[in-house]
Each structure stands twice: as C-alpha cells, then as structure tokens.
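The block underneath contains the structure these notes are about, expressed in structure tokens.
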Amino acid sequence: MKSKRYPEEFKREAVKQVTERGYSVAEVAQRLDTTTHSLYTWIKKYGESHSQPSEDLDLASENARLKSELRRITEERDILKKAARYFANNPE
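Residue numbering for the sequence shown follows the working numbering, starting at 297 and increasing by one per position.
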C-alpha cells in the first residue's frame, strides 16, 4: 500500500481544524481521508505546543493574583460588616 504525500499547507490547515476550530481528530481525519496517526503527528509538528506552557504559567499567576485579591476584599467586607453592626447597635 503506497502512502499519500500531503503538502505542508494541507497539513497546517488540518491541524488548524483541530486546534483552532475544535473539531475532533477522528472527524478531521475522516473528512480529509487520512489517518488519525498522521494527524496526531502533524499536530505535534505544526501545533502551537510551544506557546502553551507560557500561557499556562500566565494563567497560574493570574489565578494566584485573583485569589489574593479575593482574600483581601473578603477581609475588608467582613470588617465593614462588623463596623456596621457595631454602629447600628451603639448609636452615639
């Protein structure tokens, strides 16, 4: 059985269908008349795997910042609630 040779542009477009448009690998492989194995190989080669670790790091630092801010705001809210109760019960 002779294997087909696909141009690089074809491979990049196939990868985009999976990575950017959200189609499943099996679906794209079937529509393009290729194997899932080939498509996974193309994804490794042409996919955006190099940018993802830095994106994960950005998301982790943003998540930590937001948790810290939430903790601070929750403390401020609790202090204001206590002050409101105090002044409601002790009008001077």
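All C-beta atoms in this analysis are idealised placements derived from N, C-alpha and C, irrespective of residue type, glycine included.
Under 8 Å between C-beta atoms of residue i and residue j
i           : j           : result
residue 338 : residue 360 : no
residue 332 : residue 314 : no
Three-way DSSP call (helix, strand, coil) for residue i in this model
i           : result
residue 302 : coil
residue 317 : coil
residue 307 : helix
Residue of the options minimising C-alpha distance to residue i
i           : options            : result
residue 342 : 387, 300, 304, 386 : 304
residue 328 : 308, 377, 374      : 308
residue 340 : 312, 352, 362, 318 : 312
Residue i to residue j span [Cα, whole Å]
i           : j           : result
residue 355 : residue 379 : 36 Å
residue 386 : residue 367 : 29 Å
residue 371 : residue 344 : 41 Å
residue 382 : residue 373 : 14 Å
residue 299 : residue 334 : 11 Å
residue 301 : residue 325 : 15 Å
residue 346 : residue 319 : With a pLDDT of 48 at residue 346, under the threshold of 50, the predicted position of this residue should be treated as unreliable, and no value is reported.
residue 336 : residue 369 : 46 Å
residue 351 : residue 316 : 15 Å
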